[in-house]
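Working notes for the structure below.
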Amino acid sequence: MPVGELALLAIFLLLWPKVQSSESSSGCQRIGEFDSHVLEMDGDVLLGGLFPLHYIAPEPDYVLTDRPQVQRCSGFDLRAFRWVQTMVFAIEEINRNPRLLPGMKLGYRILDSCDHVHTSLQSAFSLVNGSSTVQQESSAARNVLCLSKAPVPAIIGLASSSPSRAVAQTFGPFQIPMISYFATCTCLTDKKVYPTFLRTVPSDVFQVQALVQLMAHFNWRWVGTIGTEDDYSRYGIQAFTEQLEAWGGCVAFHRTIPKAPTPKQISSIIDALKASTARVIVVFATEGQLLELLSEVALRNLTGWQWVASEAWVTASVLTAPVFQHVLTGTLGFSFRGANISGLFEFLLRVRPLDNPGSAFTNMFWEEQFNCRLGYATSEGLDRPLCTGLETLEQVESSYTSVTPVRVSYNVYKAVYAIAHALHSLLQCKFIAQASDQRSCNTGAEFTPGELLDHLKRVNFTNQFGEKVYFDENGEPVPLYDIINWQKDGRGGIRFQKVGSYDGSAPHWQQLNMDMDLIEWTEGQSQVPSSLCTAPCPPGTRQATRPGQPICCFDCLPCTEGEFTNISGATECIRCPLYFWSNAERVACVAGIEEFLSFQEVMGVILVSLSLLGVSAATAVSVIFFLFRSTPIVKANNSELSFLLLLSLKLCFLCSLVFLGRPSMWSCQARQAAFGISFVLCISCILVKTIVVLLAFHSTMPGSSSLKRFGPPQQRAFIVSCTAGQAILCVSWLALAPPYPFKNTSYQGGRIILECKDVWPLGFYLVLGYIGFLSCVCFILAFLGRKLPGTFNEAKLITFSMLIFFAVWISFIPAYNSTPGKYTVAVEVFAILASTFGLLFCIFAPKCYIILLRPELNTKKGMTGKTSK
């Protein structure tokens, strides 16, 4: 038990019931006076009732040296009086029922709790001590047994959570059951602290869930909250805030209404309302606690807020007065399920001084609520009240019985019937048997509150309205709510229109049901009010939280390339699937544009044209050499090697075509092999020609036979050997790790580059390195023979062609590694064509020039430089 409640209980135990020694050792005497009125009726079993007939209670005087002054509560609560009458009505209805509790009469003892902790405890002690009011109590009746056998085995109450906690925790050890009809705090669910507490009203945990679902339904993410200084408000707003933030909403501000607010404090709350951009205000409070705040709001004519009411005030008729209508019209809130109780309306009409002589509660109803003077005799001689501002008695009755269906009264009604069914089960031995709890039946009229509590927990019946009444393991009922909308009724008043429902026992997606066409919004708006710190980000953008601000306040940033969002208010952008890309607006993904070096595009046409031009040039040279094959210049250059070299050059030109077009498995594997083998064949022929040139000049020396040892068979074998080495390398590469077609999306957004993926890049560099090795050997040999004597020394041409070859391929390597996309292939094709053209023109262009344009040099004398002048 909290320290504050322990101290408060100790004070009342000192000031209220105190056991003293008297003539009878078993007697007790009450010290002091508790000036409270009681409504009671005798019966075989008395049910206790605690109702907040007044909502303003004086603060207790905690000075223990002086006797506290007796002070009356004020602020009569019309709704609470209706609850009292409903309890009386239900008990009288049960007493007339021959099937429920036959032969037993229920009675009642009802006191005013004043909606305050200390007054509720005083009234509760009065109930369990068996004492009536001071005015009705005789001195002999004061000496009764205290707490030895409670004359009230069960209590129906209370209306607020803080008084309910105090009373339930105090009387829990005595096993006295307590059924609340309006206390909704989640804290009361703890059965270790409140073992005897039950309720016919759903816990706040369900109301909070319903409120958050309502916020989500209307997309209200920026919400203000107003509460009071009690457990109901504290626990309710805390749970609401946590669940709202878990959903993605934020509490823009929270203000607490003090118990006795000053004008300055009320103005401070109103200033907070005006300063906030939140247009939706959720309020956890009772109508009595809201009166001053809403009165000031109405006085200042402040409108534009969508009020969302907790169940504590959503059907408060006192707030439907004309002064509040322009402020509260359009209010939404959750109310308990109501019912039209047959006969209750007529019963309420009989609450008159003449029909209830001596009833203190009835007198208070007329005197305090309607400012009536009792005992006024009319001309007809009837005892009817004279009421200021009310012309007829029917106006009083109409204002008192205007709420249908009843809701909190229905919870009171169910609580009375739950106790009646538990008593019936207890006394008739009709309780639900459990395998682990078989006990003997108690068929007599004597029982303890603990036995009644045991049967009360087992209650399970269907009432006349078709609703099943039972309590779960925590003493909770089925969580059912009606969604109420405050609408103008056309007669200058407010009606509570049901616009939806909430069933906490249903699946999550079926719990909230709304009829949007029935809702009337604040200030007559036709659209759902908006309450957002920042408008939802449009499609194509995402929310970015502002540093130091709530998550509901954010900036909208466009999605990056390759991401999209097609909804408003997205917190994250969605990455497009593989091979898809976001469009310009970032609201959808489109298929990426596939790119490759095709035959149709300009670059492809140019490269194909160059390749065919090279093949044509090599063919033309072949034709020229064939036609002039018997001339000295063709013979001198080993015509067989020349034709083989021209063939290899044609293959080099043609292999570039394999690099063009859409990559496929065969083209990816063929292109590098064709490139590597054709170029090795070409370089091998040039290398053999270089060797032959060197050997030809050295063979002119006496005794030299080197040219004979490197004749045509050896030359062919050398070319085949060199080419075979490259072929083996290419076959091994393709067999172990062949290249394959690959869609590369890393170069440019929205572009898919179709290329050949080298699984083993080292294979390509080995192929290229082998060509480079042969080229280096050829270049070195040609360079060594460049100064050999003779008019036509082919070594010079080979040296120059190798220089061009090296220049092309050395520049190719960095260009190949740095060129993105499909242009990587273009670089390689260009290197192939450039180096091939270099070899073709450097080696064969001078010879063709002599053959075609300088035929006089194409003779033996011309070859030796002995031509006549």
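Numbering-wise, the sequence shown is residues -21 to -1, 1 to 848 according to mature numbering (1 follows the signal peptide of the UniProt record, and there is no 0).
Note that CB positions come from ideal geometry on N, CA and C, so glycine has one too.
Exposed unless 16 or more other CB atoms sit within 10 angstroms - verdict on residue i
i	result
Thr65	buried
Phe605	exposed
Ala514	exposed
Tyr558	exposed
Asn319	exposed
Tyr744	exposed
Thr441	exposed
Arg78	exposed
Ser657	buried
Ile135	buried
Ile70	buried
Glu325	exposed
Thr846	Residue placement at Thr846 cannot be trusted, given a pLDDT of 48 that sits under 50; the coordinates are not used to answer.
Trp469	In the sequence on display, residue 469 carries Gly and not Trp. By the neighbour-count rule (16 or more Cβ atoms within 10 Å), Gly469 is not buried but exposed.
Val17	buried
Trp488	exposed
Trp739	exposed
Rounded straight-line distance, which links the Cα of residue j to that of residue i
i	j	result
Ser797	Leu741	18 Å
Arg331	Pro301	27 Å
Ile811	Asn545	48 Å
Trp712	Val667	27 Å
Gly267	Asn492	30 Å
Ala399	Arg474	34 Å
Arg61	Leu32	9 Å
Lys722	Cys634	23 Å
Ile463	Tyr726	60 Å
His305	Gly228	28 Å
Val387	Ile205	22 Å
Glu835	Val581	44 Å
Arg833	Cys827	9 Å
Gln648	Gln528	59 Å
Asp416	Asp209	Since pLDDT at Asp416 reaches only 49, below the 50 mark, its modelled position is unreliable, and the value read off the structure follows with that caveat. Rounded to the nearest angstrom, the two C-alpha atoms are 39 Å apart.
Gly751	Thr803	20 Å
Cys538	Gly571	17 Å
Asn198	Glu499	17 Å
Ala339	Leu298	26 Å
Gly82	Cys93	35 Å
Ser255	Phe263	19 Å
Tyr211	Asn74	35 Å
Arg58	Val67	15 Å
Phe809	Ala567	39 Å
Cβ separation of residue i and residue j, assumed to be a contact under 8 Å, to the nearest whole Å
i	j	result
Cys735	Leu776	Incorrect: roughly 35 Å between the Cβ atoms, too far for contact.
Ser547	Pro517	6 Å
residue 854	Pro132	Any question about residue 854 goes unanswered here, given that the chain covers just -21 to 848.
Tyr795	Val659	In fact, because the Cβ distance is near 19 Å, the residues do not count as touching under 8 Å.
Phe791	Gly817	About 13 Å; that fails the 8 Å criterion.
Val671	Gln705	Not confirmed; about 21 Å, so no contact.
Cys535	Glu542	14 Å between Cβ atoms; not a contact.
Tyr87	Leu26	5 Å
Asn453	Lys170	6 Å
According to DSSP, residues forming a beta bridge with residue i
i	result
Phe68	According to DSSP, which records beta bridges pairwise, Phe68 is partnered with nothing at all.
Trp286	Ile260
Trp488	In the DSSP output, where bridge partners are listed per residue, Trp488 has none listed.
Glu574	Ile732
Tyr719	Lys736
Gln244	The partner list for Gln244 (beta bridge, DSSP) is empty, contrary to what the question assumes.
Glu53	Correcting the residue identity first, residue 53 is Ser in this sequence and not Glu. The partner list for Ser53 (beta bridge, DSSP) reads Ile35.
Cys535	Gln522
Tyr449	Asn439
Ala318	Val385
Ile498	DSSP lists no partner for Ile498.
Closer than 7 Å to chain B by CB, residue i
i	result
Met493	Among the chains of the structure shown, chain B does not appear; only one protein chain is present.
The ligand COA heavy atom lying under 6 Å from the CB of residue i
i	result
Thr669	As presented, the structure is devoid of all ligands, the ligand COA included, so that no description of it is given.
Quiz item: Just checking, does the segment 147 to 154 make contact with the segment 279 to 287 on the three C-beta pairs under 8 Å criterion?
Solution: no
Practice problem: Check whether the segment 219 to 227 touches the segment 191 to 200, counting contact only when three or more Cβ pairs, one atom from each stretch, lie closer than 8 Å. | Solution: yes
Quiz item: Does the segment 223 to 237 come close enough to the segment 159 to 169 to have 3 or more Cβ pairs within less than 8 Å?
Solution: no
Quiz item: Do the segment 308 to 323 and the segment 389 to 399 meet, that is, are 3 or more Cβ pairs less than 8 Å apart?
Solution: yes
Quiz item: Would you call the segment 614 to 634 and the segment 585 to 598 in contact, with 3 or more CB pairs under 8 Å?
Solution: yes
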